[in-house]
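Counting along the sequence shown from 1, when you hit position 37 you're at 1447 in our numbering, and nothing is skipped either side. Here's the structure, in structure tokens; my notes come after.
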Amino acid sequence: MSDESLSYEQARTELAEVVGRLEQGGGSLEESLALWERGEKLADICQRWLDGARERIDAARANRG
């Protein structure tokens, strides 16, 4: 599955897993950097979903009034 097709819930779940792995430590520096980069990408995906939801809510409110 490509990153673009991840749902908010899928991205959030994977991000939580990445954070957990980083918090456990024990990996090499290269592994930690790769996890960090993946986490950043997942956080961006989640933020895009949240921004889109905010836009939809704002549009619905504007149309209601």
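Ideal Cβ positions, reconstructed from N, Cα and C, are used throughout, including at glycine.
Buried or exposed (CB count within 10 angstroms, at least 16 for buried), residue i
i: residue 1426; result: exposed
Residue i to residue j span [Cα, whole Å]
i: residue 1430; j: residue 1417; result: 20 angstroms
i: residue 1476; j: residue 1452; result: Because residue 1476 is not part of the residues shown, which for the chain are 1411 to 1475, the question remains open.
i: residue 1454; j: residue 1433; result: 20 angstroms
i: residue 1439; j: residue 1457; result: 27 angstroms
i: residue 1422; j: residue 1475; result: 33 angstroms
Does the contact criterion of 3 or more C-beta pairs under 8 angstroms hold for the region 1428 to 1448 versus the region 1459 to 1473? Flag = no, the region 1428 to 1448 and the region 1459 to 1473 do not touch.
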